[in-house]
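Undergrad:
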Amino acid sequence: DRDQLSLARNQIDRCDILVNASGSSVHIPHFRIDLLSDKIFDNILTDNLRSQFSVIRTFLPLIKQSPSGLIVNLGSTAGTGTGGSNIAYAAAKAGIDSLTRNLSMAILPARIINVTFSGVETNFNKNRPDNFYQLEQEQNPMGRCATVDDIARTIEAYATVVRFTTGVNVVVDGGKSLTRGLPKAKP
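Spelled out as structure tokens, the structure:
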């Protein structure tokens, strides 16, 4: 909500790094388009895509004042292929990648990146089936799920070391998204 964003913005006078960590979804099987109502679709796009743009727009003046201003959008590998909790969620996350690329030239000298991942143990995944993380680990070439620490260290690297990059999609998934459609490698 714009009023809450303005209130938050008015409480600070500096912003070097903005991390956009928003998202919501509802599990709807990929082939059940009939269950994906306009209302659900709109809510998912609002929560996952428009909210990130609204936050950027609100804090951009402060970010641009910083000599090292960085915006980090958190996406999902669901936006890079087929899958995810439903088609609207995948479309919204693909939209975040496009938003990141398109804003990259408009917000200079500030930088913007999109960090995508899947299967991280967070509250977002708390309603998944009991074997969700086991399946994620089995499908991952590195044999484990990404952790919150993996995501944080990636953001830290782009904030402190990798400083001549903007508009990119940084995938933190242990190579899992590269294996879609491939048979599991044999040891």
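Heads up: the sequence shown runs through residues -12 to 174, numbered per the working numbering. From the three backbone atoms N, C-alpha and C, an ideal C-beta is built for every residue, glycine too.
Helix, strand or coil for N156? Go by DSSP, reduced to three states.
TA: N156 falls in the strand class under three-state DSSP.
Undergrad: Count the other C-beta atoms from every protein chain shown that fall within 10 angstroms of the C-beta of A8, then say buried if there are 16 or more, exposed otherwise.
TA: Classification for A8: exposed.
Undergrad: Below 8 Å, can you find three or more Cβ-Cβ pairs linking the region 80 to 87 to the region 56 to 67?
TA: Yes: the two stretches touch, three or more of their Cβ pairs being nearer than 8 Å.
Undergrad: Which class does R98 belong to by DSSP, given the choice of helix, strand or coil?
TA: Three-state result, R98: strand.
Undergrad: Helix, strand or coil for V149? Go by DSSP, reduced to three states.
TA: Of the three classes helix, strand and coil, the one that applies to V149 here is coil, per DSSP.
Undergrad: Helix, strand or coil: which one does DSSP assign to L23?
TA: Three-state result, L23: coil.
Undergrad: For T103, which residues does DSSP report across the bridge?
TA: Per DSSP, V158.
Undergrad: So, at 8 Å on beta carbons, what are the nonlocal neighbours of L165 in its own chain, with the 5 sequence-adjacent residues on each side left out?
TA: Only P128 meet the Cβ criterion.
Undergrad: Anyone know if the C-beta pair for I99 and T153 falls short of 7 Å?
TA: Cβ distance < 7 Å, so I99 and T153 count as in contact.
Undergrad: Could you please give the first and the last residue of the uninterrupted alpha helix (DSSP H) stretch that includes N(-3)?
TA: Here the alpha helix (DSSP H) through N(-3) covers -11 to -3.
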